[in-house]
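In the working numbering, the protein residues as written are 1 to 224.
Glycine included, each C-beta is placed from N, C-alpha and C at the ideal position.
Just so we're clear, the structure is a prediction, and the values are computed from it rather than from any experiment.
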Amino acid sequence: MKYIIANWKANKTRLEVDAWIREFRNQLDVEDIADAIENKILTFIICPPFPFLYQVADVFYDVPGVHTGTQTISPSEQGAHTGEVTASMVEGDVQYAIIGHSERRSTWSETDELTRQQVLNARAKNITPILCIRNEHDQIHEGVSMVAFEPVEAIGTGMNMPADQVLERKNQFALPHDALFIYGGSVKAESAKEYLSKEGIDGLLIGSASLDPVHFVEIGRSAL
Ligand code: PGA
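Structure below.
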């Protein structure tokens, strides 16, 4: 099984999300993709901004092979934390949460202690954390079953790290035994096969190339 994860970041309007969903559904009906989902070769995870979470989750909650995720989750459980979105608020609506994305670590000063708390909160509500790490210094917390390696120099730069190098780096991480290993950073449809053909890489976290549903699905098609 390969996981193809869309991280829209702070992009799109409500109307653009509607259009994305429409086209994505068309793409899911194309025979090879439909077969790949049915045969559990491909799973898509869509992580929209919070205001569009239900717009996406409502459409896909009963669609096999498509899940919804958040782009972060609060380290707090509840209370006087203005602007925070907690795990209990999205419990049941999302199956995944991206945690510790490098943009949050750098812009919002998310530390290992905060990501640890986020992981705990997500897991307590049956949300699978997709823990992003930038390098071997970012802690992989207990109970994490999905780790996304995203080297900072590869994010949004067009300089994706070659798959062989990604696998070499993988050896330096203290990955839990059964954890899925995802790569992210400037992957496009043209480069996706290099990663998805490797047994040691279980999927891709896609930023800018996920904004176009046709391109996004084309990345998944590279796994076939
Ligand atoms: P990118 O972003 O594909 O635009 O490089 C990846 C990510 O930051 O998750």
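Residue pairing by DSSP puts Y183 in a beta bridge opposite F149, L204. Within the stretch 54-78, the complete beta strand (DSSP E) segments of 3 residues or longer fall at 66-70, listed in chain order. If you check the C-beta of I130 against ligand 1, you find no heavy atom less than 7 Å away. In terms of CA proximity to D164, E199 leads the group I21, T72, E199, K125.
Setting aside the 5 residues that flank it on each side, S76 is surrounded in the same chain by E84, T86, each with a C-beta closer than 7 Å to its C-beta; the list follows chain order. Between A174 and I219, the C-beta gap is not smaller than 8 Å, which leaves the two residues out of contact. Taking every protein chain shown into account, the CB of D58 has fewer than 16 other CB atoms within 10 angstroms, so this residue is exposed. For T43, the pairing in a beta bridge is given by DSSP as Y3.
The criterion of a C-beta distance shorter than 8 Å is not satisfied by I130 and G207. Environment of ligand 1, chain-ordered: N7, E150, I155, G156, G184, G185, S186, V187, L205, I206, G207, S208, A209, taking every residue with Cβ within less than 6 Å of a heavy atom. With respect to the 8 Å criterion, E91 and K125 are classified as neighbours on the basis of their beta carbons.
Listed as beta-bridge partners of V94 by DSSP are E91. Q117 has its alpha-carbon roughly 30 Å from the corresponding atom of N160.
According to DSSP, I130 shares a beta bridge with I98.
Only residues of its own chain outside the window of five on either side were considered, and among them T72, E110 have a CB closer than 7 Å to the CB of R104, listed in chain order. Runs of alpha helix (DSSP H) with 4 or more residues, each lying fully within the stretch 2-38, are found at 14-28, 31-38, listed in chain order. For H215, the enclosing alpha helix (DSSP H) begins and ends at 213-221.
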